[in-house]
Amino acid sequence: MAKKTVKTAAKKAAKTPAKKTTATKSKTSAKAKASVKKLAAATLPKVSAGELVTLLDYVRYATSRFIEAKLAFAHGTTDPVSEAAFIVCELLHLHPDQFESFAMARVTAAEGRKILDVIHRRVTTRKPAAYLVNKIYMRGLPFYVDERTIVPRSFIGELLDTHFAGDDGEGASLIDDPMDVESVLDLCTGSGCIAILAAQSFPNAQVDAVDLSPAALAVAMRNVIDYGLDERLTLYKGDLFAPLGDTTYDLIITNPPYVDAQGMADLPDECLAEPSMAFDGGIDGLDIVRKIIDQAGAHLNPHGGLLCEVGRGRANVDEAFPDLPLIWLDTEDSEGEVFWVSAAALQGRGGI
Ligand SMILES: C[S@@+](CC[C@H](N)C(=O)[O-])C[C@H]1O[C@@H](n2cnc3c(N)ncnc32)[C@H](O)[C@@H]1O
Numbered sequence: 001m002a003k004k005t006v007k008t009a010a011k012k013a014a015k016t017p018a019k020k021t022t023a024t025k026s027k028t029s030a031k032a033k034a035s036v037k038k039l040a041a042a043t044l045p046k047v048s049a050g051e052l053v054t055l056l057d058y059v060r061y062a063t064s065r066f067i068e069a070k071l072a073f074a075h076g077t078t079d080p081v082s083e084a085a086f087i088v089c090e091l092l093h094l095h096p097d098q099f100e101s102f103a104m105a106r107v108t109a110a111e112g113r114k115i116l117d118v119i120h121r122r123v124t125t126r127k128p129a130a131y132l133v134n135k136i137y138m139r140g141l142p143f144y145v146d147e148r149t150i151v152p153r154s155f156i157g158e159l160l161d162t163h164f165a166g167d168d169g170e171g172a173s174l175i176d177d178p179m180d181v182e183s184v185l186d187l188c189t190g191s192g193c194i195a196i197l198a199a200q201s202f203p204n205a206q207v208d209a210v211d212l213s214p215a216a217l218a219v220a221m222r223n224v225i226d227y228g229l230d231e232r233l234t235l236y237k238g239d240l241f242a243p244l245g246d247t248t249y250d251l252i253i254t255n256p257p258y259v260d261a262q263g264m265a266d267l268p269d270e271c272l273a274e275p276s277m278a279f280d281g282g283i284d285g286l287d288i289v290r291k292i293i294d295q296a297g298a299h300l301n302p303h304g305g306l307l308c309e310v311g312r313g314r315a316n317v318d319e320a321f322p323d324l325p326l327i328w329l330d331t332e333d334s335e336g337e338v339f340w341v342s343a344a345a346l347q348g349r350g351g352i
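Going left to right, the sequence shown walks through residues 1 to 352 as the UniProt record's numbering numbers them.
Structure follows, in structure tokens:
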């Protein structure tokens, strides 16, 4: 395997969010799934740490096992090589960007045992790698994550860089100057990653972040403290805007639950380890999105706007809100899964 290919894959693991609902899944019964897992466990080769020597050897071995087990990749990586490189680097306390420097370095027997253990658990449990190593990277930054919250993979992190960096002369920015943003709300914050990225993008802003799940908020609190943002970022427990009174914001950003009933039935095994309330958007996926669109206007300052991720729900959103001038945004790995709408266009809908 070319070192460059793995390097690119490792970098991708650090940078690229994967789509929430696009992982493919065969529709197998619970019984069939259980026997697939059993088979995977039974057929995992007995390899001892000394048989594999370099980081690259471990990445190759993991890649082979992941392909063999037909894993789904939707949690920060999009393919088996990136996933393998992410796991190997993480267990060696290396940033994925450092893979190339050490690809041909030897792994000690003790390190090798730890790597093999996680590779085997990834195959036999189907849990996302991020849960097995308690880490995920967004925009190259590390965040703590565990099963109390969804593994972050929103496209909003990338959009903050590409569309909220201020006027660059190319007209891509939706705001004039990030330094002028004084208040941001992250609805449905989960692990707090988007709120933290927003705090970094808008250094003069106070950031509020809301989630209905106390368990997710405990993870968010850990990340907020890790990033030293507890003075500038406040977490609230509650249903969407309910805990905020009549507070208004310059920007509202949100990656809410938006998976429709069919999508919920088709979730890959990897997603079953995540809290279902992070996905479930009702029959057409828009239960929560509708509420956000209806109530956001009352919580936005006049020059502000709403940035909202809806996955594959674009057609449903367009149909449900034909009069709203939505701007659909693309990222490196997505097309029209996030919209922006100005505060002016939202005024007069719903209310506090
Ligand atoms: C798709 S996850 C997004 C998490 C995080 N923003 C991210 O991008 O990784 C949706 C989050 O919404 C939360 N949630 C679900 N219903 C909610 C509600 N009615 N009010 C507030 N948060 C809610 C879930 O607990 C979950 O953490």
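Cβ coordinates follow ideal geometry from the N, Cα and C atoms, glycine included.
Quiz item: Taking just the CA atoms, how far does Gly313 sit from Glu319?
Solution: Taking the sequence shown and counting its residues from 1, the one referred to as residue 319 is at position 319. Taking the sequence shown and counting its residues from 1, the one referred to as residue 313 is at position 313. Their backbone Cα atoms lie some 10 Å apart in a straight line.
Quiz item: Is the closest heavy atom of ligand 1 to the C-beta of Cys271 under 7 Å?
Solution: In the sequence shown, residue 271 corresponds to position 271, counting from 1. Cys271 Cβ: outside cutoff for every heavy atom of ligand 1.
Quiz item: Should Thr28 go down as buried or exposed, given a rule of 16 or more other Cβ atoms within 10 Å for buried?
Solution: As a first step, residue 28 must be located in the sequence shown, where it is residue number 28. Reliability fails at Thr28, whose pLDDT of 38 lies under 50, so the model's placement of it is uncertain and the value that follows must be treated cautiously. With fewer than 16 other Cβ atoms within 10 Å, it is exposed.
Quiz item: Just to check, is the beta-carbon of Ile288 closer than 7 Å to a non-hydrogen atom of ligand 3?
Solution: For the structure depicted, ligand 3 is absent and the ligand set comprises only ligand 1.
Quiz item: Hey, would you say the C-beta of Ala190 is under 7 Å away from at least one heavy atom of ligand 1?
Solution: Sequence index remark: in the sequence shown, residue 190 carries index 190 (1-based). Position check: residue 190 holds Gly in this sequence, whereas Ala was assumed. Gly190: yes, Cβ under 7 Å from ligand 1.
Quiz item: Taking the alpha-carbon positions, what's the Ala130 to Gly245 distance?
Solution: Your numbering for residue 130 matches position 130 in the sequence shown. Your numbering for residue 245 matches position 245 in the sequence shown. One C-alpha to the other measures close to 35 Å.
Quiz item: How about Pro273 and Lys135: are their beta carbons less than 8 Å apart?
Solution: Taking the first residue of the sequence shown as 1, we reach residue 273 at position 273. Taking the first residue of the sequence shown as 1, we reach residue 135 at position 135. A quick correction: the sequence has Ala, not Pro, at residue 273. In this structure, Lys135 does not lie closer than 8 Å to Ala273 by Cβ.
Practice problem: Would you mind listing the beta strand (DSSP E) stretches within the segment 80 to 141 that are 3+ residues and don't spill past its ends, in chain order? | Solution: 136 to 138
Practice problem: For Val338, name the three-state secondary structure that DSSP assigns. | Solution: The residue given as residue 338 occupies position 338 in the sequence shown. In the structure shown, Val338 sits in a strand (DSSP, three-state: E or B).
Exercise. Kindly confirm or deny that the segment 165 to 184 and the segment 132 to 146 touch, where touching means at least three C-beta pairs closer than 8 Å.
Key: no
Quiz item: Of all the alpha helix (DSSP H) runs that stay within the bounds of the segment 260 to 305, which reach a length of 4 or more residues?
Solution: 261 to 265, 269 to 272 and 287 to 296
Quiz item: Under 7 Å from any heavy atom of ligand 1, does the C-beta of Leu94 make it?
Solution: The residue you call residue 94 lines up with position 94 of the sequence shown. Checking every heavy atom of ligand 1 against the Cβ of Leu94, none is found closer than 7 Å.
Quiz item: What are the start and end residues of the alpha helix (DSSP H) that includes Asp161?
Solution: As a first step, residue 161 is located in the sequence shown; it is residue number 161 there, counting from the start. Asp161 -> alpha helix (DSSP H) spans Ile156 to His163.
Quiz item: Going by other Cβ atoms of all chains shown within 10 Å of its Cβ, with 16 needed for buried, is His299 buried or exposed?
Solution: Taking the sequence shown and counting its residues from 1, one reaches residue 299 at position 299. Result: buried.
Exercise. Have a look at Phe279 and Leu267 and give me their C-alpha separation to the nearest angstrom.
Key: As a position in the sequence shown, residue 279 is number 279, starting the count at 1. As a position in the sequence shown, residue 267 is number 267, starting the count at 1. Looking at the two C-alpha atoms, the distance is approximately 10 Å.
Self-check item: Cβ separation of Leu251 and Gly305, assumed to be a contact under 8 Å, to the nearest whole Å
Solution: Your numbering for residue 251 matches position 251 in the sequence shown. Your numbering for residue 305 matches position 305 in the sequence shown. Their Cβ separation, rounded to whole angstroms, is 7 Å, which keeps Leu251 and Gly305 in contact under 8 Å.
Quiz item: Under the DSSP definition of a beta bridge, which residues are partnered with Glu309?
Solution: Taking the first residue of the sequence shown as 1, we reach residue 309 at position 309. According to DSSP, which records beta bridges pairwise, Glu309 is partnered with Val338.
Practice problem: Measure the beta-carbon distance from Ile87 to Ile119 and round it to whole angstroms, keeping in mind my assumption that it falls under 8 Å. | Solution: Against the sequence shown, residue 87 aligns to sequence position 87. Against the sequence shown, residue 119 aligns to sequence position 119. 6 Å between Cβ atoms; contact.
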